[in-house]
Amino acid sequence: MSLYRLFLMRHGEAGWAKDDFSRPLTGSGRRQIKISGNWMAEKSYIPSLTLCSSSARTRETQSILRRILTVASDHQAITMDSLYDSTRESIRDALVSKSSSSDILLIGHNPGLDDFVSWMCGVDSSSVDVLFNFNTGSVCVLQYALENNAITFGSGHILDSLHP
Numbered sequence: 038m039s040l041y042r043l044f045l046m047r048h049g050e051a052g053w054a055k056d057d058f059s060r061p062l063t064g065s066g067r068r069q070i071k072i073s074g075n076w077m078a079e080k081s082y083i084p085s086l087t088l089c090s091s092s093a094r095t096r097e098t099q100s101i102l103r104r105i106l107t108v109a110s111d112h113q114a115i116t117m118d119s120l121y122d123s124t125r126e127s128i129r130d131a132l133v134s135k136s137s138s139s140d141i142l143l144i145g146h147n148p149g150l151d152d153f154v155s156w157m158c159g160v161d162s163s164s165v166d167v168l169f170n171f172n173t174g175s176v177c178v179l180q181y182a183l184e185n186n187a188i189t190f191g192s193g194h195i196l197d198s199l200h201p
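Counting the sequence shown from 1 gives a position; this note's numbering is that position plus 37.
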C-alpha cells in the first residue's frame with residue numbers, strides 16, 4: 038500500500054458570462070488564489086502533477102498558481118473535461134489514472150469536491166452534511182492510501198486546509 042498527498046482546490050470566485058463554462062475569475066477570485074498559492078508555497082505543498090477542470094475559471098486558477106508555486110521542470114499540468122461537472126467517481130478515476138504521481142493538485146468545482154472529500158474520509162455525505170465545505174479558493178490537503186491501484190471509501194484523511 039502506498040500513501041499519497043492530494044491538494045484539492047476549488048477555483049476562485051468567478052464572474053458571470055454567457056455560459057457557465059466560460060466564467061472568468063473576478064478580482065476577488067484572483068486574490069483568493071494568490072492567498073491560497075502563497076499558503077501552499079509557505080507549507081511546501083508543491084505538486085508533482087496538476088489536474089485541472091477545463092473551464093475558464095479553473096484554468097485561470099491554475100495559471101495563477103503556476104506563477105506562485107515553484108514546480109519541478111518535469112511538472113505536468115493536465116486539463117481534463119471530466120473534472121467539469123465532476124462527481125466523486127470522476128475525481129477518483131482521474132486520480133487513479135495518474136497514480137504514479139505522489140503529490141497531485143486537483144483544481145475543480147463543487148459539489149463534486151465536497152462529496153469527494155467526505156467519501157475519501159469515510160463519511161456518507163448522503164446522510165450527513167459534507168465534511169469539508171469548499172468555499173471559492175479553498176484548499177484541502179488529504180493523505181490517502183492507494184491499494185491495488187484503487188481509491189476506496191474511507192482511504193484518506195485531512196492533513197491541512199485553508200479557506201482564504
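All C-beta atoms, glycine included, are put in the ideal place defined by N, C-alpha and C.
Nothing here was measured: the structure is a model prediction, and the numbers come from that model.
For residue i: DSSP bridge partner residues
i	result
residue 140	42
residue 197	178
residue 145	47
residue 95	Residue 95 is not bridged to any residue.
residue 187	184
residue 114	87
residue 62	51
Beta-carbon separation (whole angstroms), residue i vs residue j, contact threshold 8 Å
i	j	result
residue 67	residue 105	The pair is not a contact, with the Cβ atoms about 11 Å apart (cut-off 8 Å).
residue 174	residue 73	5 Å
residue 58	residue 176	23 Å between Cβ atoms; not a contact.
Whether residue i touches residue j by CB criterion (7 Å)
i	j	result
residue 131	residue 94	no
residue 138	residue 88	no
residue 76	residue 199	yes
residue 127	residue 136	no
Residue of the options minimising C-alpha distance to residue i
i	options	result
residue 90	161, 144, 159, 185	144
residue 46	64, 82, 57	82
residue 63	43, 98, 84	98
residue 187	160, 161, 129, 197	129
residue 103	135, 122, 78	78
residue 69	57, 197, 48	48
residue 183	201, 172, 198, 157	157
residue 189	160, 115, 119	160
residue 109	123, 80, 140, 124	140
residue 147	133, 134, 155, 171	171
residue 121	193, 92, 133, 192	92
residue 123	42, 112, 152, 114	152
residue 42	56, 181, 117	181
residue 39	116, 111, 84, 185	185
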